[in-house]
Structure formats: C-alpha cells, structure tokens
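Residue numbers (full-length UniProt numbering), protein chains in the order written: chain P, 1 to 408; chain V, 1 to 256.
From the three backbone atoms N, C-alpha and C, an ideal C-beta is built for every residue, glycine too.
See below for the structure under consideration.
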C-alpha cells in the first residue's frame, strides 16, 4: 500500500517538502549537539532532564490515546468507531517514533544506546519504558497495516490479528503507566513522588491525545474526501470531556494533599510553579489553569460541545493546557526545586527547540504519509466518505442517495 | 577465483582450529584469578566515612580537600550550572534541608559542610540505571563504569543528594593538561561521573585522598567491623546523615 503515499497533489508534495526542510534544519542542530555535546542545551547539574524528556512524556499520551477509539470498538462493539480505528493506530505509530527519537537525542552517548539491550536491567524503569514503547509501536504497525490491507481487499480482518489487537489495548495503558513510573519512584523529587502520578498521566493522555487526533482528522477532512461519522466524533469529544474533568480532579487532589498536609516538600513545587518562579513561567502555569477551566466549561455544556465551529478552538485550549501541565510544569516542578532546597531555573535553548522541531516534523511526516494511505484506501472502498450535504457516508443521512449521485 | 577460494578455505580452517583450541585454553586458565589482587590493597565489608564537622567546617578547608580530590581524579573545572564536582561544600540548610530548626546553635548553623557521594546502602542511582553503568560493589562503594554509561542521566534524577555530575561538553577542555594525574583516566563527554571513595587508592592500600588531606577531620573504615575506626567514632559522637526520610542509608556520617 506504500505506493499510495507516492502519488499526490502539488499541495501534498509541497507539505512534505516543507516538513523535509524543517527536518533538515533541526538535523543540523542535532549534528551540532553530537559534535559539542549536550552543553548546547539549557540543562545542567541540577536539572538533568529537560525539554526532550518532557516531550517524550507528553507524546506517550498521544500514543496511548488511539486506544480511546480502539477500545470501544473491540471491547464494547461500538461499531460507529470502526472506520476511525486506523487513524488512532497510525497516530500511535508516529507518536511512538517521536518518543523513541526524543530519548535518542537526549542521551549523551547515542552510539552506545544498544547497551540497554546488551545489558538488560529489569530494575530500571527506563528499560521497561523502552520495551513498552517499542512493543506498542510494533503492535500498532502490525494491527493497523494488516487491517487496512484487509479492508482494501474487501476481506474481513484476519482472525489471528485479534489477539494482537486486544494486547495492544491493554498495552496502551501500560505505556503510560510505565512512563509515569519513570518519574514516580524517585526519592527526593517531591512533585513526582505521588501514587496518583500514573493515573494523572492516563487521564491527561486520554483527553489530550484524542483532542490532537480530532484536530488532525479535522484537517484531514479538509484535504481529503474522508469524513468522520458524526456519532463517532461526538463520542470521542465526550471521552475528551470526561478525561479532562478527571485530569483536573486528580490535579486538585494533589493540591489538597500538599497544602492540607502542610508538608514543605509537597508544597514547594506547586508554590514555585504558581507563585515564585519567573513571571513567564508563573503566567504559563496560570494559563494552564485558565485554559483548562475554559475548555472544561465549553466541553461540559452540550450547546458548545456540539458546535463544530467552536470545537477546534476548545480542543486547542485543552491541548495547550495539558501541554503546559504535563509537557512543561511536571518536569520543571520536579527538578527546579533542587535536592538542596534551592532553585535552579531551566529554560530550553534555541538549539534544543530546533532539535525538537526536527522530531515533531518527522512525526508530522509519518502522520501525513500514513493518513494519506489510510484515506486513499477509504476512498477506494467507500468508507467514511464525505457526502454532498456534508454528512459522512456512515451517518445514515437522508441525503445519501440522489444528492450524492447528482453531485458526482 | 580459484585462488581466492583456496585462501578462504585456508582461513576457515585456521578459524575452526582456533575455535577448537579456545575452550581448552579456557580450561587451562581455570583455578587462577583472572586479575591479581594487589597485596597491599585494603578491604572492608562496607566502607563508610565519618566527617567531623567540629574540625572541618570552613569553605577554605573544604576547598583544599576538593582541590586535592579533583586533581587526583582529573575532574574538569567548568563554571556555571553545568559544572562537574566530586567534593564540594554547602550550608547547613542546603546539606540537611529537613533537619533544620529556627533556633539552632548559631555556630552550627553557620558552618559549611563537605558534600560528596553518600555511597548509599540502597542507592536509587543503581536502581534506575538502565545499563548497570553505575553499580554497587560488594564493599558498598557505588561505582561508575564510564565506558558503559549511555548518558541518560536517570541516575542524576534518582539521586536525592545531587551528588552526580554529567559531562555536558568535552571534560578535557576544562582540564589543565599540563597538570594531569596520569594514574587516573580522564572522561569523555556525555557520561556521568561522581566521587568513587577513591577505589583506585584503596586498591593499593591508601586511604581516600580527602581523608588523607583532612588531618584527622575525616574517618574512613569498615562499617561492619565493630573495632574499626569509624565504628569507634560513631559510638562516641552524635552523628547525623543526609535525608534519612529517603531511605537510602547513606554511608557518610556527619559529627555535629
């Protein structure tokens, strides 16, 4: 099916070329980092992980999010989702690749990274994180590709792939739990030393991930004949809503525990992030609270939730809020109050951002190519196609027959 | 063509003969230690250090020890937050953040304290390292294999004492090349390093360089031997350790 990615419009090739340029620019920054070392980053002795690892943390959420489409389909026979499943799986592939790349660019001796495999160390969570992310990547490649190929040949999905799909559903939870354990089990990092961290990771993954997926699919709808079934979209938006409410509830639990117990170590990171850090960071953290509040208000109100004009903006606010919380605040809050009860501020450097841009562009390239293939196949076999009235062919809309034919 | 095939068969034959001989060579070696232990080496079941902060508590005195340590181990001099250090000093509230009180004896509160790797009994850095590049020796010393380290810096996130440094750039740029210690290797960029309780000196029967230079303010010995010098001091003086709540059981004790 890869050949489907090779034929496209000028706009498609233009976009690919644009991404390749971004990748090349970022790669130059990475080569520089390889030559002089990680001193090109803003990290230091006290803040030993930075923007790279926080992006890994955020993106495992995106990888795990596809399961919010796959799980209803397979565990609850919610068949409305069935033509969206492939996009969740393909998004997970891109997200896993980005996660792995963020680990590679973060290590000081990348040529030795196979040491993780040559000297397997089960007591290290990083070892397990590598296993679960690679495993999830493999599972999604296998399930996504096999099912799409079967669809294209108008064949039922092969039986042997079912166990892999069920495994991948359970696995999705594991990748986020294990990534949370990466942080959760460290003595002396109070912001992370909380049993609820894995639950918070899952909650934020299941709101931010589908939100990003919906936005990407809205763009996909603009540039292809693909159209999300209305019910599938509204179900997914409701999942985003519930997950975001749970996410913020968990955050409030942390605030309560820290301040009611009055234990300094637990209060310091929150006080630092929301009151004592540089004005820029404090503003960003309050932006997180405000955006989270606005997005929850818009999502829980049916009138706003069902407004498709407003929805993309709601989702953008939600993504910014969750990114500030998990992709920025979590790492800074854990590291900046140092083990010496002092503060060492951290901010990524330009080169760090360029390297990150390279990885995000590679992710976008993978999403573009895989979604191109998936939408082409769907067009060939007539799944989830846009009808003249704006409905999806899966909607059972009254306009299906003549109007569509007339338009064609 | 023919020639090269003949060469190949010849080489294959030699290789096969070598493989057949190799195990026998291994057998012959059995019964011998692969590495000879230095006759003068000193051993312990668990090495520990006691620092007498009534004697050693000024920045100048600690800087002198740090300079000796850093020279001995070719620790690069780098300014700023990407610095590398094995032994350094800090104030009471930074050294013992959870063990402060508002009306402490001013004299104690104003002291500065030497800081180094605690060589914990339950080292979190060893627990989190994904390649066993940092490991605990049977004598309790938490050691680093600079050639194994992939530079993921998980051990730095795991250490509750901030005792580890990373070579963000080439450490050799921060060394005085005319004044290196040829006995100890320099490191490359991208690996973590830290105090090693001078394992290389213990192996030849010498005490750690800071202990030697401290003029009696630092004690070093076997924590498991009731008659050792450290046990004697611990029995006589009140001592504290850093961050007891972390459960890491540091092997560095401070006489207050």
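What residues from chain V crowd round residue 119 of chain P, counting only those whose CB sits closer than 9 Å? The contacting residues are 130, 131, 132, 133 and 148.
In chain P, which residues lie less than 7 Å from residue 160 of chain V when you measure between Cβ atoms? Going along chain P in sequence order, the residues near residue 160 of chain V (Cβ under 7 Å) are 187, 188 and 339.
Verify whether the separation of the beta carbon atoms of residue 30 of chain P and residue 357 of chain P is less than 8 Å. The answer is no: Cβ separation not under 8 Å.
Is the stretch 127-134 of chain P touching the stretch 90-109 of chain P in the sense that three or more CB pairs, one from each, lie closer than 8 Å? Judged by Cβ distances under 8 Å, the stretch 90-109 of chain P makes contact with the stretch 127-134 of chain P, as three or more pairs qualify.
Whole-Å CB distance - residue 337 of chain P paired with residue 268 of chain P, under 8 Å assumed: With a beta-carbon spacing of about 5 Å, residue 337 of chain P and residue 268 of chain P fall inside the 8 Å limit used to define contacts.
Tell me the rounded alpha-carbon separation between residue 103 of chain V and residue 113 of chain P. If you draw a straight line from the Cα of residue 103 of chain V to the Cα of residue 113 of chain P, it is about 51 Å long.
Assuming residue 346 of chain P and residue 47 of chain P are in contact, meaning their beta carbons sit under 8 Å apart, how far apart are those beta carbons, in whole angstroms? The pair is a contact, with the Cβ atoms about 4 Å apart (cut-off 8 Å).
Using a Cβ cut-off of 7 Å, which residues of the stretch 68-98 of chain V contact any Cβ in chain P, in chain order? Cβ contacts with chain P: 81, 82, 83, 90, 93, 94 and 97.
Helix, strand or coil, according to DSSP, for residue 211 of chain P in the structure here? Residue 211 of chain P: helix per DSSP, three-state reduction.
Report the three-state DSSP secondary structure of residue 128 of chain P (helix, strand or coil). Correct three-state label for residue 128 of chain P: helix.
Can you give the Cα-Cα distance for residue 8 of chain P and residue 362 of chain P, rounded to whole angstroms? Straight-line measurement puts the Cα of residue 362 of chain P at about 19 Å from the Cα of residue 8 of chain P.
For residue 188 of chain P, the first and last residue of its enclosing alpha helix (DSSP H): Segment: none, residue 188 of chain P is in no alpha helix (DSSP H) and carries neither H nor E.
Where residue 390 of chain P meets chain V, residues with beta-carbon distance less than 7 Å: Those within 7 Å of residue 390 of chain P in chain V number zero; the least Cβ separation is about 50 Å.
In whole angstroms, what separates the C-alpha of residue 90 of chain V from that of residue 115 of chain V? Distance between the alpha carbons of residue 90 of chain V and residue 115 of chain V is about 7 Å.
Taking 8 Å as the cut-off, decide whether the C-beta atoms of residue 248 of chain P and residue 296 of chain P are in contact. Yes, the Cβ-Cβ distance between residue 248 of chain P and residue 296 of chain P is below 8 Å.
How far does the alpha helix (DSSP H) with residue 313 of chain P in it extend, from its first residue to its last? For residue 313 of chain P, the enclosing alpha helix (DSSP H) starts and ends at 311-322.
In whole angstroms, what is the alpha-carbon distance linking residue 169 of chain P and residue 389 of chain P? Their backbone Cα atoms lie some 35 Å apart in a straight line.
Taking the beta carbon of residue 36 of chain V as the centre, do at least 16 other beta carbons fall within 10 Å, making it buried, or is it exposed? Exposed, since its Cβ has fewer than 16 Cβ neighbours within 10 Å.
Pairwise C-alpha distance: residue 88 of chain V and residue 78 of chain V: The straight-line gap from Cα to Cα measures roughly 14 Å.
Below 8 Å on the Cβ atoms is my guess for residue 118 of chain V versus residue 161 of chain V; work out the distance and round it to an integer in Å. Correct: roughly 6 Å between the Cβ atoms.
Which chain P residues are close to residue 257 of chain V, counting only those with a beta carbon under 8 Å from its beta carbon? The displayed coordinates of chain V run from 1 to 256. Any statement about residue 257 of chain V would go beyond what the structure contains.
Below 8 Å on the Cβ atoms is my contact criterion, and I expect residue 51 of chain P with residue 352 of chain P to pass it. Report the Cβ-Cβ distance as a whole number of Å. So it is a contact: roughly 5 Å between Cβ atoms.
Hey, does residue 313 of chain P have any beta-carbon neighbour from chain C nearer than 8 Å? The chain labelled as chain C is not found among the protein chains of the depicted structure, namely P and V.
With distances taken from CA atoms, which of V:136, V:143 and V:131 is nearest residue 150 of chain V? For residue 150 of chain V, the nearest C-alpha among the options comes from V:131.
Quick check on this structure: which residue in P:161, P:301 and P:181 has the alpha carbon closest to the alpha carbon of residue 158 of chain V? Among P:161, P:301 and P:181, the Cα nearest to that of residue 158 of chain V is on P:181.
Just to make sure I have the definition right: I need the residues of chain V whose C-beta is within less than 9 Å of the C-beta of residue 115 of chain P. Which are they? The contacting residues are 130, 131, 132, 133, 148, 149 and 150.
Determine the chain P residues that contact residue 140 of chain V at a beta-carbon separation under 8 Å, and present them in chain order. Per Cβ cutoff of 8 Å: no residues; residue 140 of chain V is ~18 Å from chain P at best.
Judging by CA-CA distance, which residue of P:209, P:162, P:110 and P:262 is the nearest neighbour of residue 326 of chain P? Nearest of P:209, P:162, P:110 and P:262 to residue 326 of chain P, Cα basis: P:209.
Of the residues P:266, P:215, P:53 and P:84, which one's Cα is nearest the Cα of residue 317 of chain P? Closest in C-alpha terms to residue 317 of chain P, from the list P:266, P:215, P:53 and P:84, comes P:215.
Which two residues bound the contiguous alpha helix (DSSP H) that contains residue 265 of chain P? Residue 265 of chain P -> alpha helix (DSSP H) spans 264-271.
Helix, strand or coil at residue 229 of chain P [DSSP, three-state]: In the three-state reduction of the DSSP assignment, residue 229 of chain P falls in the coil class, being assigned neither a helical nor a strand state.
Within its chain, find whatever has a CB closer than 7 Å to the CB of residue 111 of chain P; leave out the 5 residues flanking it on each side and keep chain order. There are no such residues.
With residue 229 of chain P and residue 394 of chain P assumed to form a contact (beta carbons below 8 Å), what rounded beta-carbon distance in angstroms separates them? About 4 Å separates the two Cβ atoms, so the contact holds.
Output, in chain order, the set of chain V residues within a Cβ distance shorter than 9 Å of residue 350 of chain P. Per Cβ cutoff of 9 Å: no residues; residue 350 of chain P is ~16 Å from chain V at best.
Please report the residue range of the beta strand (DSSP E) in which residue 283 of chain P lies. For residue 283 of chain P, no beta strand (DSSP E) run applies; the uninterrupted alpha helix (DSSP H) run containing it begins and ends at 279-300, by DSSP.
Using a Cβ-Cβ cut-off of 7 Å (strictly less than) and excluding sequence neighbours within five positions of residue 208 of chain V, which residues of its own chain qualify? Closer than 7 Å at Cβ, skipping near neighbours: 197, 198, 201 and 220.
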